[in-house]
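Shown next, in C-alpha cells, is the structure this report addresses.
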Amino acid sequence: MRTTVGIIGAGPAGLLLARLLHVAGIDSVVLESRDRAYVERRQRAGILEQGTADVLRAAGAGERMDREGLRHDGIELRFDRRRHRVDFPALTGGRSVLVYAQTEVCKDLIALQLREGGPLLFEAEALAVEGADTDTPRVRFRHQGCEGGEDVLECEYVVGCDGFWGVARKAVPAGLTQTFERTYPFGWLGILADVPPSHDELVYARHDRGFALLSMRSPSVSRLYLQVPDGTDAGEWSDEDIWDELERRFETADDWRLERGPITQKSVTPMRSYVHEPMRHGRLFLAGDAAHIVPPTGAKGLNLAVGDVVTFARALSHRKETGSPELLDAYSDTCLRRVWQAERFSYDMTTLLHRAPGATGFEDRLQLARLERIASSRAAETDLAEAYTGFPFGR
Ligand code: APR
Ligand code: PHB
C-alpha cells in the first residue's frame, strides 16, 4: 500500500487529521488497531473549545455537533459549601465551550471518512514505524485482510496518532528524546447515569473528602467523576456508595440537590502529566496523546490533539503549495508552546481541586486561599477562563 500520509490511530487526532488532509487534497490511510465499535464507544472527553468546534465546522463535521452539542458560557467552582460561577464570555471577550462527547466527534468523523475519505482500516495494528529518518518511511502493520496477515504502508510522512500506549513514539531514537512526567496518587472514578444533570453547567467541587465533577452528555444523561485513590477498581464501588459520596462532596450552604438515577457505565481513569519532546523525528510526526497527556481536570486532551493535527495539516499544505518545509520544521516547537500551556493549566486545576493523600491543614488552607483568590480577583478568574476556553492554534 502507498499513500502520502500514513496515520496510525483513529481516535480524535487521527480521524480529524485524515479529514483535514482530505479537504486539503492530500491522500492518507488510517490504521486503527481496534474495531469501529470500540472507537465509537470509548467514553473519554466531553468539552470542545471554541477553536476546536470551529475547526470541525470548517472541516464539514459540525452539523450534528451544532444540533446536539450544548453551548456552555461558564462553570461553577464549589468549595467550603460555597458556589462561584466563572463567566466565560464576560472574561474572555465572548468565548464559550461546547459540551459534545469525543465519542460523538469520532462517530461524525468516521462516517465522513467512510463516505468521502481515504482508506480507514479497523483491526489494523501498526507493528512498527520504519525509515522515519528517510524520505520513504513505512508502517509495518497486521491486518487480517493482508496476505500472510501483515503488510507495509509506504508513505511520504507518518503521523503517530496512536495514543499513550501506541508504537509511533518508539521510532524516535532514545538519544534524541526527552520525556517529562508527573504521576498523581489518585485517579477518577467516572460514571454515566440516566438522569438529567443536576446543574445546567459543569460543577468542579473541592472538598476535604476529595474532588468531584458534575458534567453531562445530554439533557437526560449525566457524566460524573469522583477522585479515588490510585489503583482503585471500579467494582469496589456500589452505585449507592457512589451517589452517597458525590452528594457529600457537592454539599452547599443552600438547598441545591444532586438527583440520582441508574448508572449505565462505571470506569476508573488514572491521572498523569506527560510530554514527549520532540514531537517529530524526520518524516515521523507525533500528535495528540501519542506525544502528551494531561490530567482531565482541565478538559484539554482532545483540544490539544486538535491543535496538533491542525498544525500538521497546515504545515504539509504549505509544503505542497510553496515547496517550503518551514512550517513542518517548526511543527514540534509550535505544538509544544500550546502543549506546555495546557500542561500548566491542567496541573494547576488538578492541584487546586484534588486532596492528595496525606495532605495537611497547610495544603488545605492553601487550596482554599487559591480558590478565594479566583472568586475575588478578576485577574485570577480571567486566567482560568482564558485557559479553559482555549489557547490559539499556533502558526
Ligand atoms: N496501531 C493502530 N492503532 C493504534 C495502535 C497501533 N499500534 N495503538 C493505539 N492505536 C489506536 C487506539 O486504539 C486508539 O483508537 O490509536 C487511537 C488513539 O486514540 P486516543 O487514545 O483517543 O488518542 P488521540 O486521538 O490523541 O485523542 C486524544 O482525545 O479522547 C480524547 O481526552 C482524550 O486525551 C484524549 C484525546
Ligand atoms: C467530561 O464531560 O467527560 C469532562 C468534562 C470536563 C472535564 C473532564 C471531563 O474537565
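Counting from 1224, one number per residue, gives the positions in the sequence shown under our numbering.
Yeah, the Cβ is synthetic: ideal placement off N, Cα and C, and Gly gets one too.
Endpoints, the alpha helix (DSSP H) within which L1535 is located | Translated into positions along the sequence shown, residue 1535 becomes position 312. Before going further, note that residue 1535 is Phe rather than Leu in the sequence given. Start and end: 1524-1545.
Local Cβ density within 10 Å of A1351, reported as buried at 16 or more and exposed below that | As a first step, residue 1351 is located in the sequence shown; it is residue number 128 there, counting from the start. Classification of A1351: exposed, given that the 10 Å Cβ count is below 16.
According to DSSP, residues forming a beta bridge with T1406 = Counted from its first residue, the sequence shown places residue 1406 at position 183. Beta-bridge pairing links T1406 to R1495.
CA-CA distance, L1591 and V1390?
-> Reading the sequence shown from its first residue, position 368 is the one you call residue 1591. Reading the sequence shown from its first residue, position 167 is the one you call residue 1390. Cα to Cα, the separation comes out at about 42 angstroms.
Alpha carbon of D1606 to alpha carbon of G1229, nearest angstrom | Here residue 1606 is taken as the residue at index 383 of the sequence shown, counted from 1. Here residue 1229 is taken as the residue at index 6 of the sequence shown, counted from 1. About 38 angstroms.
Mark F1403 as exposed unless 16 or more other C-beta atoms lie within 10 angstroms of its C-beta, in which case mark it buried.
-> Here residue 1403 corresponds to residue number 180 of the sequence shown, with the count starting at 1. Exposed, since its Cβ has fewer than 16 Cβ neighbours within 10 Å.
Any 3 or more C-beta pairs closer than 8 angstroms across the region 1296-1314 and the region 1327-1334 = Of all C-beta pairs linking the region 1296-1314 to the region 1327-1334, fewer than three are shorter than 8 angstroms, placing the two stretches out of contact.
Closest by C-alpha distance to I1597, when choosing among D1571, G1372, T1583 | For the purposes of this step, residue 1597 is taken as the residue at position 374 of the sequence shown. I1597 has its Cα closest to that of D1571, out of D1571, G1372, T1583.
Report yes or no: do the region 1407-1423 and the region 1565-1584 share at least 3 C-beta pairs separated by less than 8 angstroms?
-> yes
In terms of alpha-carbon separation, which member of H1245, L1594, D1289 lies closest to R1429?
-> Residue 1429 sits at position 206 when you count from the first residue of the sequence shown. Minimum Cα distance to R1429 is reached at L1594.
3 or more residues per run - each beta strand (DSSP E) lying fully within the region 1393-1478 | 1401-1416, 1425-1429, 1435-1441, 1444-1452
For L1481, which of helix, strand or coil comes out of DSSP?
-> On the sequence shown, position 258 is the one that residue 1481 refers to. In this structure, L1481 counts as coil in the three-state DSSP scheme.
Identify the continuous beta strand (DSSP E) that holds A1347 and give its terminal residues.
-> For this step, residue 1347 is matched to residue 124 along the sequence shown. Counting along the chain, the beta strand (DSSP E) containing A1347 begins and ends at 1347-1353.
Consider the C-beta atom of D1477 and the heavy atoms of the ligand APR; say whether any pair is separated by less than 6 angstroms.
-> For the purposes of this step, residue 1477 is taken as residue 254 along the sequence shown, with counting starting at 1. No, Cβ of D1477 sits at least 6 angstroms from all heavy atoms of the ligand APR.
Through-space distance from Q1401 to D1289, alpha-carbon basis | Looking up residue 1289 in the sequence shown gives position 66. Looking up residue 1401 in the sequence shown gives position 178. Cα-Cα distance, rounded: 40 angstroms.
Does any residue of chain C bring its CB to less than 7 angstroms from the CB of F1473?
-> Judged by its chain identifiers, the structure shown contains no chain C, having just a single protein chain.
For the alpha helix (DSSP H) holding G1581, just list the boundary residues, first then last.
-> Here the question's residue 1581 lines up with position 358 in the sequence shown. From DSSP, G1581 is part of no alpha helix (DSSP H); its letter is neither H nor E.
The beta strand (DSSP E) spanning R1363 covers which residue range?
-> Translated into the one-based positions of the sequence shown, residue 1363 becomes position 140. Unbroken beta strand (DSSP E) run through R1363: 1361-1366.
Locate the beta strand (DSSP E) running through V1253, then write down its first and last residues.
-> Here residue 1253 is taken as the residue at index 30 of the sequence shown, counted from 1. Unbroken beta strand (DSSP E) run through V1253: 1251-1254.
Alpha-carbon spacing of T1275 relative to E1468, whole angstroms | The residue you call residue 1275 lines up with position 52 of the sequence shown. The residue you call residue 1468 lines up with position 245 of the sequence shown. Taking the straight line from one Cα to the other gives about 34 angstroms.
Nearest candidate by alpha-carbon position, reference G1237, set R1225, M1224, S1256 | As a first step, residue 1237 must be located in the sequence shown, where it is residue number 14. Put simply, of R1225, M1224, S1256 the residue whose alpha carbon is nearest the alpha carbon of G1237 is S1256.
Exposed or buried, which one is L1399 when buried takes at least 16 other CB atoms within 10 Å?
-> If you number the sequence shown from 1, residue 1399 lands on position 176. So L1399 ends up on the exposed side.
Are the region 1246-1254 and the region 1495-1505 in contact at 8 angstroms, needing three or more beta carbon pairs?
-> no
Using a threshold of 7 angstroms, state whether the C-beta atoms of V1533 and F1614 are closer than that.
-> Residue mapping note: residue 1533 aligns to position 310 of the sequence shown, counting from 1. Residue mapping note: residue 1614 aligns to position 391 of the sequence shown, counting from 1. In this structure, F1614 does not lie closer than 7 angstroms to V1533 by Cβ.
Could you give the C-beta distance for K1523 and F1585, rounded to a whole number, given that I count them as a contact under 8 angstroms?
-> Position 300 of the sequence shown, counting from 1, holds the residue named residue 1523. Position 362 of the sequence shown, counting from 1, holds the residue named residue 1585. With 8 angstroms as the limit, K1523 and F1585 do not qualify as a contact, their Cβ atoms being about 28 angstroms apart.
How many angstroms separate the CA atom of M1224 from the CA atom of L1279?
-> Counting from one through the sequence shown, the residue named residue 1224 turns up at place 1. Counting from one through the sequence shown, the residue named residue 1279 turns up at place 56. When rounded, the distance between both Cα atoms is 29 angstroms.
Provide the residue span of the beta strand (DSSP E) that contains F1614, from first to last.
-> Along the sequence shown, one-based indexing puts residue 1614 at 391. F1614 -> no beta strand (DSSP E), and no H or E assigned at all.
Would you list the residues sitting across from L1321 in a DSSP beta bridge?
-> Taking the sequence shown and counting its residues from 1, one reaches residue 1321 at position 98. Note: L1321 sits in a beta bridge opposite L1271, R1294.
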